[in-house]
Ligand SMILES: Nc1ncnc2c1ncn2[C@@H]1O[C@H](COP(=O)(O)OP(=O)(O)OP(=O)(O)O)[C@@H](O)[C@H]1O
Ligand SMILES: Nc1ncnc2c1ncn2[C@@H]1O[C@H](COP(=O)(O)OP(=O)(O)OP(=O)(O)O)[C@@H](O)[C@H]1O
Ligand SMILES: CC(C)C[C@H](N)C(=O)O
Ligand SMILES: [Mg+2]
Ligand SMILES: [Mg+2]
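Chains as they are written, first to last, in the working numbering: chain A, 50 to 345; chain B, 852 to 1088; chain C, 3 to 363; chain D, 20 to 410; chain E, 8 to 287.
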């Protein structure tokens, strides 16, 4: 039981990290950024590339991991900004689903671009977190899991604080609600949106590196499923709400963990999605999403 | 009075709609200038052009030496030209207080924001009552108050008001006009678009009549209020 | 017969469907290169029936729809024989197409029993079937004295098929199947199944999916406290497995597999040839694809022409044809008489799978 | 069942006065009116589709053409759901799967004849549409998106796990249509050209179904129901205020889409004779949606073009081998950047008619990405998408 | 004259805010009633309850003999399931139903269908009165064609009625604000109402346009339709209304003939201010 919760928490933190960027981007420009999962994949490959370039393999050092983490975050952040600039910004005034299509296009491009460069085979990530475990409260916990959860939690809390409490965060929410109105308040819409893409992509990149180091293998399609899951998590949490995204990520992790324990792995997703559908019909705005009363 | 805002021969085109045709007018420093005109005459378009939301195809628009035809809206706001748009544009899921705070987005001086907030709440007690309510759930008139209050917090040098009295109760219209006059007296230049011409002309120094995208009449407000053409079209007998 | 009338003197076209996009796309290249190597060798030796062979390759993306259009494209392009087929799910719907067009198939990798269960005359499998591989796994389990075993699959057709066969045969052999789990491929976290394995502690777990998830599960289950034997099926037998699982996690890993060149004396030259052609070392199913071409070429040669019935007769008539997996003779059901499965283990120095036990004893 | 409006309105006291002045009628003619041109174009398309097999009846051409037509069918169905009713459905492929599996199971496991399986398919799709639509169509777009996505995955995983659906390898050996002693497998000879393969039949069947579908969808869209859908898409509250039960409007669109996809599924199952869960992955829902948006939401010609693009582009790019999805991805981005409202938007106006027709509207909040200032290249101002916002 | 609409003891709360507080009034057939009151007095909220968009906390609304607000059994209330049930359509009358019964409304902020043409906006409103079967639509039966033609004819009639003379094929977003208001009224009329609710129809109109609007509202009343209008423009209200209801803080503070209301000190204090004559 405790073990299931702990397992759920680990997966959940990955979902949450990716969901956060998903939710931010969605929140601000109403874009279901299908390429977001691929940014996660890029993060892992940036880490892989840098480390391989320095001939590093089979490392276990945590400081080195942090350095790579930072580097990948900056790189994926910039890539995210670049993608927004090239593929999304020109379409800001177009129908919302149009951007969805470019997002899918970007996703294909990233996936198969990486495939061309690194090949279709999975690669082993050069840094490996030490994974010997110990037992507490009836669950088996490893040091690397703790490191992981701590890094994820810190990243998320810092971010959530920025968005919910600061002037920039207020500007983000204002753009989400009415970009023209936000401009009239003096908000530099282009810059704030670029910033959101930077932060969101950096978080996804961080998640990618952490996944590489924790699980050990990366491949060009690794972003696809987690992208879907992150989207789901973001929605469960109440899309656009950052604490919701985190909570949604963890909840989804738990659902999966319990789902496979109770119904078997093959029915896990059926359980998770079934629960989700039921939950949303009863609470149509997600966990933390506020009901917007529309004025007539 | 020194001219601060000068619009010369501005043309704005939306697709095939020619909204502004060689529109020219000026606003002097410290003035209240009112634009009158029928629906669709191009008043809101003018306002949007000044705040950088819409770019003229030709003509020049300068304010305090700043070229408004190329400046970005946020730079224009940062320079002190603040626009209270038609349709209010309240941030619906943000509270009244947050809406007001956003009005001070470009203001670095936290103390100034705090004291202006107090002033706004004092001027419009209804907002103080509703400070934690979501903007989108306010009544139409309450939203209008937020929109005006929000602009004041930005500390405008030139305030653009697009139909500020729309949807306000008569008593509040009077208050709003008083507020505008007071803000102006404190040194802010005001450009006002109003359908309630009677109330607007009372506080304005000068006025223009805009018809199909061009200024057709101009003069001191008091004189225009007596002009039969204006009475006929905008004031009623 | 469809394409055989096409060009009686141009090259003999043989087609291959394999995944080049999607999650299985790594295997397409291995297969293509293996087949191409065989074609090159045969052409260097004077071709078949005095004509050159030409290999046409199409992507099936491991997806039924793509595979069907690929198959139709090959038929339209005038192939007379097919030597492709990696994913059973994608290969199945192509069977009637090749059948109707009168094109015999030697399927190098896909090995679901369903492929031959339909009884189509032109379908031959040169990879051992699920039943045969499961048999090898059960034999090994008994050999190490396991009484309770577990099986994990990844819900793909090949893997589920094999897991089913294993469960059936293991139960029949008196083994206790204590865990039977399915995972979703393409993810990273398999702690759920790892936890179950650690809790149930079977003496042996049979993983019937691919190496990517296999490596992760091997590692995660050991982290969780599982210490039994981790037996993997042929989809996981690849040097990448050790890399993914990581150092120190491969001691208990063994696999069921057909023989590969490095297990055979004198195959170094083959590997060198392959590397020269492809630029990379051979991977899973390079050898089978290579053999498929050779088997097909031999059958055509024996048939004397490319007519469907004659080629099928040629294939059926092959006797102890020399392949990497040992001498080949097709059974009545067009499968291998013996699966030729052996047990391989990971060499800690290189991470590659090497022969451990040929299951003959 | 159908009654005249005059009759229907008898109980209503209020009638509008007769129109005071005649408004100009839209012109007719092939080149002088949009409608006339579209009809001509449609006819041309039908002719092209009809002659294709006479020009190239090779298996490959026929099979990708048939797959493309099935794509067109799917996209048209999704267009009703997304394009007309504005319901963002990310699990549309699920109904395709339901159709394919129901017909597969009923014909192979239960041995029903194909036509009976078709009826079962329709019933199953209606049921599925109601089961999934009834509780969830109250949700607004993004929540609906995730619920439909989840539903699509549930269907696929279930098909993958059940015995009766053949597990991961699916169902094969699905029989083809037969009428008495004659079946699609038997060839025939027309005008001296041999059509030995059933492939050609499915091509024609698909083509006929699509022609019927295009006409039907066009008619529905113009009628009472179509107006209700578009109203709901534009502004749900206002639609309610107009006496439209928005819930019923939405669910009817959803069910029509479901049945249509189910029929496509049945066609594909019999055409391929084998189906497996792999063909119903989320990716395909995304691809269909992509085709609809790429072509132009709510626009029949657009959707057809989009479907052809999405289904044929990877085929035509086959020769680029591993590069093809990379090229496809870049192509998608480029096309969207140049045609943001789709290749042939619903509001498209023929260039030479542009003067006499209204320009397309600014997008509503519901479908528009938030606007921001963009410098337009030619210096003309961009329109303001938020005029008259909801307060 | 009998009461067409009876509102009694209507109450609407949002958390701590009481938007409507025990409001009762009635509308008789064919009359023009104005509802006025300070900003935030609860006028729009009351409209929303009456037309079925909001579910009031308490009270009853009866229109043309039919109850618009349904009472919920106490048990659901106690279980806290009221909202859930109502969101699934139980114990509530949907706005579309209310419209079918003969009540139409416009919105304070225009809510036209922006992606439909002017004509389609109006024909859409005839939804409830139009009998077009699914198969008839597909098959284009003669009955369908006749119904469709009649529907277009009728829609054009309404456009003419409100004085819309521009191109009916234009998208509504291409029209100036005043014209859009007109189309919105035509659209409401096309639902064949007995009662028309107008929420600040004169906002944003200039003097001349207000005159036109006044004429239009009289014409509508001439059709036998009762009109309830929320307005801040006292000139227009005084000119048009036969009766005025005044709200303040959700409560009714006056109800009567215009002249009486105008002189009511409570109304002057809360709403008009001392000198209202200038707001023509
Ligand atoms: N986004 C737009 N796209 C196309 N045309 C527009 C747009 N905005 C305004 N117009 C047109 O430009 C002209 C001027 O409109 P504008 O809103 O500036 O008028 P206005 O004087 O403010 O009228 P009102 O009193 O109704 O607010 C009108 O004909 C209007 O229809
Ligand atoms: N969802 C809500 N949550 C909280 N308060 C609300 C909500 N909706 C409305 N209110 C409050 O209820 C009161 C009545 O609002 P309403 O819109 O009915 O006013 P109104 O009389 O129409 O005013 P106006 O003339 O300004 O349009 C307002 O104070 C408003 O803030
Ligand atoms: C091991 C693999 C060659 C099995 C193959 N994927 C199949 O479906 O049969
Ligand atoms: Mg305006
Ligand atoms: Mg109101």
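Every residue gets a Cβ at the ideal spot worked out from N, C-alpha and C, and that includes glycine.
Residues sharing a beta bridge with residue i, DSSP
{"i": "residue 318/A", "result": "DSSP output for residue 318/A lists no bridge partner at all."}
{"i": "residue 127/A", "result": "Residue 127/A is not bridged to any residue."}
{"i": "residue 126/C", "result": "108/C"}
Candidates the options: closest to residue i by CA position
{"i": "residue 299/A", "options": "50/A, 250/A and 68/A", "result": "68/A"}
{"i": "residue 39/E", "options": "66/E, 124/E and 11/E", "result": "11/E"}
{"i": "residue 146/A", "options": "273/D, 145/D, 107/D and 188/D", "result": "107/D"}
{"i": "residue 1062/B", "options": "875/B, 1049/B and 1019/B", "result": "875/B"}
{"i": "residue 359/E", "options": "229/E, 241/E and 196/E", "result": "Look at the range of chain E in this structure, 8 to 287, and you will see that residue 359/E is not part of it."}
{"i": "residue 159/A", "options": "363/D, 365/D, 342/D and 357/D", "result": "342/D"}
{"i": "residue 278/D", "options": "147/D, 71/D, 299/D and 69/D", "result": "147/D"}
Listed by chain order, chain D residues near residue i by CB distance under 7 Å
{"i": "residue 268/A", "result": "Result: empty, since nearest Cβ-Cβ is about 15 Å, beyond 7 Å."}
{"i": "residue 99/E", "result": "Correct list: empty, because the minimum Cβ distance to chain D is about 12 Å."}
Contact test: residue i Cβ vs ligand 7 heavy atom, cutoff 6 Å
{"i": "residue 896/B", "result": "Of the ligands this structure carries, namely ligand 1, ligand 2, ligand 3, ligand 4 and ligand 5, none is ligand 7."}
Cβ-Cβ distance between residue i and residue j below 7 Å
{"i": "residue 99/A", "j": "residue 251/A", "result": "no"}
{"i": "residue 112/C", "j": "residue 90/C", "result": "yes"}
{"i": "residue 296/A", "j": "residue 327/A", "result": "no"}
{"i": "residue 18/C", "j": "residue 86/C", "result": "yes"}
{"i": "residue 896/B", "j": "residue 871/B", "result": "yes"}
{"i": "residue 256/C", "j": "residue 345/C", "result": "yes"}
{"i": "residue 153/C", "j": "residue 168/C", "result": "yes"}
{"i": "residue 993/B", "j": "residue 47/E", "result": "yes"}
{"i": "residue 322/D", "j": "residue 92/D", "result": "no"}
Partners in chain G for residue i, counting only beta-carbon separations shorter than 9 Å
{"i": "residue 185/C", "result": "No chain G appears in the structure shown, which is made up of the protein chains A, B, C, D and E."}
Contacts that residue i makes with chain D (C-beta to C-beta distance below 8 Å)
{"i": "residue 52/A", "result": "Per Cβ cutoff of 8 Å: no residues; residue 52/A is ~24 Å from chain D at best."}
Per-residue contacts from residue i into chain E (C-beta, under 8 Å)
{"i": "residue 1025/B", "result": "280"}
{"i": "residue 1017/B", "result": "210 and 211"}
Partners in chain E for residue i, counting only beta-carbon separations shorter than 7 Å
{"i": "residue 264/D", "result": "101 and 103"}
Interface residues of chain D facing residue i [CB-CB closer than 9 Å]
{"i": "residue 136/A", "result": "352, 355 and 356"}
Contact list for residue i against chain A, beta-carbon separation under 9 Å
{"i": "residue 952/B", "result": "216 and 219"}
**Study point:** Under 7 Å (Cβ pairs) to chain B, residues found in the segment 210 to 241 of chain A
**Key:** 216, 219, 220, 222, 223, 226, 227, 229, 230, 232, 233, 234, 235, 236 and 237
Practice item. Give, in chain order, every residue of the segment 226 to 247 of chain D whose Cβ lies closer than 9 Å to some Cβ of chain E. Key: 234, 235, 238, 239, 241, 242, 243, 244, 245, 246 and 247
Point to revise | Short-range partners of chain D found in the segment 119 to 148 of chain C, where Cβ spacing is below 9 Å | key: 120
Exercise for review: May I ask you to list, following chain order, the residues of the segment 94 to 124 of chain E that have a beta carbon less than 8 Å from some beta carbon of chain D?
Suggested key: 94, 95, 96, 101, 102, 103, 104, 106, 107, 111, 112, 114, 115, 116, 117, 118, 119, 120, 121, 122, 123 and 124
Point to revise | Selection of the segment 170 to 191 of chain D by Cβ proximity to chain C, strictly under 9 Å | key: 176, 179, 180, 185, 186, 187, 188, 189 and 191
Review point. According to a CB-to-CB cut-off of less than 7 Å, which residues of the segment 206 to 232 of chain C neighbour chain A?
Key: 214, 217, 218, 221, 225, 226 and 227
**Study point:** Against chain C: residues of the segment 283 to 298 of chain D by CB proximity under 7 Å
**Key:** 291, 292, 293, 294, 295, 297 and 298
Exercise for review: Note down, in chain order, all residues in the segment 106 to 132 of chain D with a beta-carbon under 9 Å from any beta-carbon belonging to chain E.
Suggested key: Of all residues in the segment 106 to 132 of chain D, none has a Cβ within less than 9 Å of some Cβ in chain E.
Check your understanding: Using Cβ-Cβ distances below 7 Å, what residues of the segment 136 to 157 of chain D are close to chain A?
Key -> 154, 155 and 157
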